[in-house]
Structure formats: C-alpha cells, structure tokens
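Residue numbers (this note's numbering): 1143 to 1398.
Glycine is no exception: its CB is placed at the ideal position from the N, C-alpha and C atoms.
See below for the structure under consideration.
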C-alpha cells in the first residue's frame, strides 16, 4: 500500500494550477476543508472553477477565495449567505451554475462512480430543464450567458408515465475535503453533519486531497466504520483537532 500523507496543506495543494476545477466538501460552514482553502489562497492560484454546495461566507470557507477574486465559476445549490458572491454575480464578474441540491450530490456521486449521466424528475417543467437560467450577467442587468435546455424523456417507472431530465455527471481536476480521522492509506471517517458533501466531492476529483483532524496508522480504523475507502483519496494531511470550526448562523433562545 502507498503512504499518501503530506507534511503540510501547502505541500498538498502545491500543484493545483490556475484554471483548475475543484470539488470542495462542506455544507454551510460544516465540514469545510479550511486549511486546504487557506493554502490555496496563500499560493495565489486563480481562475478556479469550483463545485460545492455553497461558497462559504464573506470571510471564511470558500468565501476567502471569492473575496480575493480567485474564482471564475461556481457550481452550487445555495448562495444566500455571501454578499460578495451576490455582488460579483450580479455585476458579471462571476459565473454561476445553480443546481438543485440533490441533483448536485448525485452529479458528484455519478462522476466518481463512472456514470456519465442520469435521469431525474427534479427540475422538470422549470428553467433547470428548459434553459434560460442566468449563468453570467453582463454588468448592466442583462444576461450574457444562460443555461442551455436539457434532454427530457418520458419513462414509465412505476406504472405512471413521467418526464425526467437528463443531468450530466461532474468530474473535477482536484477535490478538497475535510474528515475527522484518516489513515496513511487514505481511508476516511467523517464526523456527523460534517460528512455532508465531503465523500461525494472526494469521489468526483481525479486527485482528492483530504485534510484530517487525526491521522492514524493503517489498521487502527474499524473497517466497518470507514465512510470513504482510500481508493478515492490520493493525499492526506493532518491539520489537528484544534482547527477552527465556525457556525454559519447561530440561533439562541433567551431563558427567563
């Protein structure tokens, strides 16, 4: 077996070039591979096309790459917590491929599984299938790039004929993910909600880079507890259990 460990986040992302496509794990701010994102920011990589459920917030997660103008295109399902994202998109500086959340998850999983495309009912009868969703504005309120129409076919799955839209799989140059624990062979264990899009993003990347809070030796992980096998992971870097973790939106209730 191959020892996949790297000495630092900077070393692990050093060969990610300008213009690369990335699948990045996380949901809101849960499970963000922040050490890898910060290392990518520090090395100056730009013109990135990123696939992730969302783009962090203005000063954390993928939002720090966005604020530094390093992202050319986002493929996401939710973008509502980032004011700079809104500004760049409406001004025509950023391209956005808005994708239903479940469809995005399946596109990543399909890409990692060698499935070229799949049919789903999600989006039938809307601009997701019919085309015309703004992908890039021209800076004057007009649309310079719109989404294309997709193939729609009728299938009788359960005795009822229904329309389904064809969605293509996603495969990216690299994937950046966060895990609670990993071994030197790349087997990963995720922690509760931080599991979210991380395994799917990992599968979709031709080169998957995982930051782990705890690095263990091969054999220390219960095989039945492994969430993602090392076959999908190419690089592992330990970032420690003290790594910062933020909450996107904190709601509290006063107790009288």
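Worksheet item: By the 10 Å Cβ neighbour count, where 16 or more other Cβ atoms means buried, how is residue 1182 classified, buried or exposed?
Response: buried
Worksheet item: If we call anything under 8 Å between Cβ atoms a contact, is residue 1255 one with residue 1240?
Response: no
Worksheet entry | residue 1260 versus residue 1308: straight-line alpha-carbon distance, rounded | 6 Å
Discussion item. Which complete alpha helix (DSSP H) runs does the stretch 1146–1222 hold, if anything under 4 residues is left out?
Written reply: 1151–1154, 1176–1185 and 1205–1209
Practice prompt. Could you tell me if residue 1189 is buried or exposed, where buried requires 16 or more neighbouring beta carbons within 10 angstroms of its beta carbon?
Written response: exposed
Worksheet item: Do you know how far the Cα of residue 1363 is from the Cα of residue 1276?
Response: 46 Å
Practice prompt. With a cut-off of 8 Å on the beta carbons, I'd call residue 1317 and residue 1346 a contact; round off their distance for me.
Written response: 6 Å
Fill in: Residue from 1285, 1248, 1202 and 1162 with nearest C-alpha to residue 1238
1285
Worksheet item: Between residue 1159 and residue 1167, is the Cβ-Cβ spacing less than 8 Å?
Response: no
Discussion item. Using a 10 Å radius around the Cβ and a threshold of 16 neighbouring Cβ atoms, would you call residue 1389 buried or exposed?
Written reply: exposed
Worksheet item: Out of curiosity, what's the CA-to-CA distance linking residue 1300 and residue 1306?
Response: 13 Å
Practice prompt. Throw me the rounded Cβ distance for the residue 1332 and residue 1321 pair, which I believe falls under 8 Å.
Written response: 5 Å
Item to complete: Please name the residue or residues paired with residue 1285 in a DSSP beta bridge.
Response: 1279
Discussion item. Measuring straight from C-alpha to C-alpha, what distance separates residue 1278 and residue 1248?
Written reply: 24 Å
Worksheet item: Can you give the Cα-Cα distance for residue 1244 and residue 1371, rounded to whole angstroms?
Response: 22 Å
Worksheet entry | residue 1146, buried or exposed, once every other Cβ within 10 Å from all chains shown has been counted against 16 | buried
Item to complete: Compute the beta-carbon to beta-carbon distance between residue 1325 and residue 1358, rounded to the nearest angstrom, for a pair I have assumed lies under 8 Å.
Response: 5 Å
Fill in: Top-ranked residue by Cα proximity to residue 1194, from 1251, 1266 and 1329
1251
Discussion item. Suppose you measure from the CA of residue 1202 to the CA of residue 1274; what does that come to, to the nearest Å?
Written reply: 31 Å
Fill in: Close beta carbons around residue 1290, own chain, < 6 Å, minus the five adjacent residues each side
1273
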